[in-house]
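Single-structure report; data block below.
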Amino acid sequence: MTRTLRDCATKVPEVTLVFWIIKIAATTLGETGGDTVTMTMNLGYLAGTAIFLAALIVLVIAQIAARKFHPLLYWATIVASTTAGTTMADFADRSLGIGYTGGSSLLLACLLSVLALWYWTQGSVSVETVSRPKVEAFYWTAITLSQTLGTALGDWTADTSGLGYGGGAILFTVALAACAAAYYWTSVSRVLLFWAAFILTRPLGATVGDFLDKPVHDGGLALSRPIASAVIAVFILACLAVLPQRAGRHPALSQSSP
9 MTRTLRDCAT
19 KVPEVTLVFW
29 IIKIAATTLG
39 ETGGDTVTMT
49 MNLGYLAGTA
59 IFLAALIVLV
69 IAQIAARKFH
79 PLLYWATIVA
89 STTAGTTMAD
99 FADRSLGIGY
109 TGGSSLLLAC
119 LLSVLALWYW
129 TQGSVSVETV
139 SRPKVEAFYW
149 TAITLSQTLG
159 TALGDWTADT
169 SGLGYGGGAI
179 LFTVALAACA
189 AAYYWTSVSR
199 VLLFWAAFIL
209 TRPLGATVGD
219 FLDKPVHDGG
229 LALSRPIASA
239 VIAVFILACL
249 AVLPQRAGRH
259 PALSQSSP
């Protein structure tokens, strides 16, 4: 029994309200942290992408090599994916000149392709099955693409649609509330709702992050990006310390139970 439980344990946290609170904070940190490097430090989008992508690759390797779920390692990897997503989306949208609409469309196609390949080869895209290296590779690829897509969607909503940062944050909050309502009161696929909510938390974090650090004349509060990033990071660490997380339950566990 012990060996079965160890082998079947997932490498990702149980999806609870605490998970979503930390996820939104992590995506906001990704926006302010990414902008700190590319804008405040003036390193540019290409250099920022190289820095955060390198950090992401190292952390993903460590996450896959780990034998069990480690909250600090997992959320460090999530933050790396969201900061890398911020700089990659900004590089594609602005430096490559394909625009928010083009960037969002391209990233959505890439994400759907990865999820389709994941489902085709593994039979499921549920996070409850993330316990083996191959599945983890699909998981972190999908996570990074969803973070990048969310950044592009947040920028498109705030800038192109004319809603602004506050309006964009409200829009994505309502969309997340709709996902929660569907979870509790409908029979819509829980896997579909998870990925929809996971994607939506990123543009919510992007618009909140931009609202915090963009100039007042652009609709922001003009707060210091490094200070805002530090405060959000402390909040995440406090959540991990006060609200301990446990690994999600793998479906095989129920099959191995007496």
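For the record, in the sequence shown the residue sitting at position 175 is 183 according to the numbering used here, with numbers rising by one throughout. Cβ atoms here follow ideal geometry from the backbone N, Cα and C, with glycine treated the same way. Please read these numbers as outputs of a predicted model, since none were measured by experiment.
- In the structure shown, residue 21 adopts extended strand secondary structure according to DSSP, grouped into three states.
- Taking C-alpha positions only, residue 196 is separated from residue 73 by approximately 34 angstroms.
- Residue 255 sits in a strand when the DSSP states are folded into three classes.
- Per DSSP, the continuous alpha helix (DSSP H) segment holding residue 61 begins and ends at 52 to 73.
- If you check the CB distance, residue 255 and residue 77 come in under 8 angstroms.
- By the 16-neighbour rule on beta-carbons within 10 angstroms, residue 151 is buried.
- Contact annotation: the region 79 to 93 touches the region 240 to 248, with at least three C-beta pairs closer than 8 angstroms.
- Its chain contains 157 as the residues whose beta carbon lies nearer than 7 angstroms to that of residue 116, once the 5 sequence neighbours on both sides are disregarded; these appear in chain order.
- Contact annotation, residue 160 with residue 121: C-beta distance approximately 16 angstroms; criterion of less than 8 angstroms not satisfied.
- Judged by DSSP in its simplified three-state form, residue 230 adopts coil rather than helix or strand.
- Distance check between residue 124 and each of 176, 193 and 146 places 146 closest, using alpha-carbon atoms only.
- By the criterion of a C-beta distance shorter than 6 angstroms, residue 148 is surrounded in its chain by 68, once the five residues flanking it on both sides are discounted.
- C-alpha of residue 143 to C-alpha of residue 25: approximately 24 angstroms in a straight line.
- Here residue 112 carries a helix assignment [DSSP, helix/strand/coil].
- Separation of residue 118 and residue 182 (C-alpha to C-alpha, rounded to the nearest whole angstrom) is 26 angstroms.
- In this structure, residue 209 keeps its C-beta atom at 8 angstroms or more from the C-beta atom of residue 30.
- In the structure shown, the three-state DSSP call for residue 194 is coil.
- Per DSSP, residue 153 is one residue of the alpha helix (DSSP H) stretching across 141 to 163.
- With contacts defined by Cβ atoms closer than 8 angstroms, residue 253 and residue 39 do not form a contacting pair.
- Counted as a single uninterrupted DSSP element, the alpha helix (DSSP H) harbouring residue 85 occupies residues 79 to 98.
- Counting C-beta pairs closer than 8 angstroms gives three or more between the region 213 to 230 and the region 37 to 53, which meets the contact rule.
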